[in-house]
DNA sequence: GCAAAAGTGTTATGGATACACCCATGA
DNA sequence: TCATGGGTGTATCCATAACACTTTTGC
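Protein chains in written order, with our numbering: chain A, 488 to 718; chain B, 488 to 718.
Structure below.
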């Protein structure tokens, strides 16, 4: 029993929770799971679980998220570690929170391991969550507001090809402010960060907008020249 | 033995390491300890240790730092959690790294618990450290470079009263760039963040400069009005 | 008087802001 | 032809950067 099961043994005092943001129709969403087993069955929470001895903390975060929600192949980044003594009522558990930004439409959700439901919630309509998960989510939202202004991470929330107005609406939803259309356009265009696709919107009841995409290699080139993304 | 010792029991899979930055004579330093016991005796490392069951992770960071170095009453902030499987060779240990900025002259160092030496090292003359501590330090230095430009945390590295030139030299040391004297002066003055003391430098072989201090409440007032610190 | 740092002034440039306006398209 | 959003033009203002200059002090 010993060595053979070592790889499945988890570190009991340490868990992972993930804050996954999505965006659609000018609104920001967060991914939540409903516990399907144990004393917390029926309660909503952030996707999360325990770390195995033979996987890195980063790897555990991906595994847990995919197992519970079917969301996969995204970029997860550490948010913060939450270590208050009483944060988990049953025993001493410290949690490492991760966050990610995804394009909501790309994922087919599926309630997996010990989860009875998975759903996107409007960021302004989140129910009471288990443990300190509402605090973790708030922290993640603040972090996102800050980070989106200094790094071009917002594009992960959009389809691969998007219009300038979509980006503007994304920033307005996250920062909870209003932006000037023409000034915002110009600022983005002048960065030389976005690549114009030779394509326009289709089936819209107004003049079709040009589509752009974010290109990682263009960004890296700019970075090498000392470019600093600022909105 | 059981309940009575519960409070002293540590979480084995989780440790803490601290990156403490100091500043003096236009140079940036980091605080290191030499292990005094066990198989790593004689090796330099970041101050660090294990978390007890009845203390928060934040509290553990303060306790460990003070026990090992005598540095106390400072503001520690989480840096990042390092969770690679092989980062600690003897067993699986995930570490939560913290960092802080202090005024080097304010502290009398003292090698405490299981430590044979404590010393400030010039950031550019750091020896090979135990485990992944050089990586943690590098990460901390990058983080500091970034953060110091968006939040007024650099003042923690200076004496309570300081000159504008001292701040300039602090930024030059951390960012590893050169700044224009008069433009930097003007920028800081125009923020209305610094409080001018009615006092000047003494015993200097040149015109004595006016002394300023950073006032937390002034900063909070500015924040409420929408002020954003940017250097 | 000289060295060294304090502190002021000036000008060119370019980005930020506000807002008026025209364009293209489907209903 | 109207509503909707796409997209351009422009005048004002203000921050930045480069750099020349004057002031104060100890030696």
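C-beta: ideal position from N, C-alpha, C; glycine also.
Unbroken alpha helix (DSSP H) run spanning residue i, endpoints
| i | result |
| --- | --- |
| residue 656/B | 651-662 |
| residue 623/A | 620-634 |
Minimum Cβ-Cβ distance from residue i to chain A less than 8 Å
| i | result |
| --- | --- |
| residue 495/B | no |
| residue 500/B | yes |
| residue 490/B | Confidence at residue 490/B is low in this model, with a pLDDT of 43, below 50, so the placement of that residue is unreliable and no value is reported for it. |
| residue 551/B | no |
DSSP-derived helix/strand/coil call for residue i
| i | result |
| --- | --- |
| residue 495/B | helix |
| residue 680/A | coil |
| residue 693/B | coil |
| residue 673/A | helix |
| residue 603/B | strand |
| residue 502/B | strand |
| residue 512/A | coil |
| residue 520/B | strand |
| residue 642/B | helix |
| residue 700/A | strand |
| residue 707/A | helix |
| residue 593/A | helix |
| residue 687/B | strand |
| residue 668/A | helix |
| residue 583/B | strand |
| residue 532/B | strand |
| residue 648/B | coil |
Short CB-CB distance (under 8 Å) between residue i and chain B
| i | result |
| --- | --- |
| residue 545/A | yes |
| residue 535/A | no |
| residue 581/A | yes |
| residue 541/A | yes |
From the options, residue whose alpha carbon lies closest to that of residue i
| i | options | result |
| --- | --- | --- |
| residue 527/A | 505/A, 595/A, 648/A, 575/A | 575/A |
| residue 589/A | 644/A, 523/A, 521/A, 673/A | 644/A |
| residue 510/A | 551/A, 610/A, 675/A, 504/A | 610/A |
| residue 532/B | 642/B, 663/B, 681/B, 522/B | 522/B |
| residue 559/A | 596/A, 569/A, 568/A | 596/A |
| residue 535/B | 501/B, 654/B, 670/B | 501/B |
| residue 702/B | 638/B, 579/B, 660/B, 680/B | 680/B |
| residue 519/A | 504/A, 512/A, 525/A, 513/A | 504/A |
| residue 543/A | 649/B, 579/B, 499/B, 539/B | 579/B |
| residue 561/B | 618/B, 656/B, 508/B | 508/B |
| residue 540/A | 622/B, 539/B, 499/B, 495/B | 499/B |
| residue 660/B | 648/B, 670/B, 636/B | 636/B |
| residue 625/B | 586/B, 602/B, 600/B, 689/B | 586/B |
| residue 696/A | 648/A, 530/A, 552/A, 557/A | 648/A |
| residue 606/B | 715/B, 530/B, 652/B | 530/B |
| residue 496/A | 538/A, 714/A, 615/A | 538/A |
| residue 634/A | 717/A, 705/A, 676/A | 717/A |
| residue 674/B | 689/B, 691/B, 655/B | 655/B |
| residue 628/A | 663/A, 710/A, 513/A | 663/A |
| residue 591/A | 646/A, 551/A, 623/A | 646/A |
Bounding residues of the beta strand (DSSP E) (the contiguous stretch that carries residue i)
| i | result |
| --- | --- |
| residue 525/A | Note, residue 525/A: premise wrong, no beta strand (DSSP E); not H, not E. |
| residue 549/B | No beta strand (DSSP E) holds residue 549/B; the alpha helix (DSSP H) holding it covers 544-556. |
| residue 612/B | Counting along the chain, residue 612/B falls outside any beta strand (DSSP E), and DSSP gives it neither H nor E. |
| residue 617/B | Careful: residue 617/B lies outside any beta strand (DSSP E) and carries neither H nor E. |
| residue 716/A | Where residue 716/A is concerned, there is no enclosing beta strand (DSSP E), given that its DSSP letter is neither H nor E. |
| residue 562/A | No beta strand (DSSP E) holds residue 562/A; DSSP gives it neither H nor E. |
Open item on the list: Taking beta-carbon pairs under 7 Å, can you tell me which members of the stretch 559-574 of chain B lie near chain A?
Closed with: Going along the stretch 559-574 of chain B in chain order, one finds 565, 567, 568, 570, 571, 572 with a Cβ nearer than 7 Å to chain A.
Task: Residues within the stretch 595-606 of chain B neighbouring chain A, beta-carbon criterion of under 8 Å - done: Of all residues in the stretch 595-606 of chain B, none has a Cβ within less than 8 Å of some Cβ in chain A.
TODO: With 7 Å as the limit, tell me which residues of the stretch 614-637 of chain B have their beta carbon closer than that to any beta carbon of chain A; keep them in chain order.
DONE: Within the stretch 614-637 of chain B, no residue has a Cβ that lies closer than 7 Å to any Cβ of chain A.
Open item on the list: Closer than 9 Å between beta carbons: that is the criterion. Which residues of the stretch 646-663 of chain A meet it against chain B?
Closed with: Sequence-ordered contacts of the stretch 646-663 of chain A with chain B are nonexistent [C-beta pairs closer than 9 Å].
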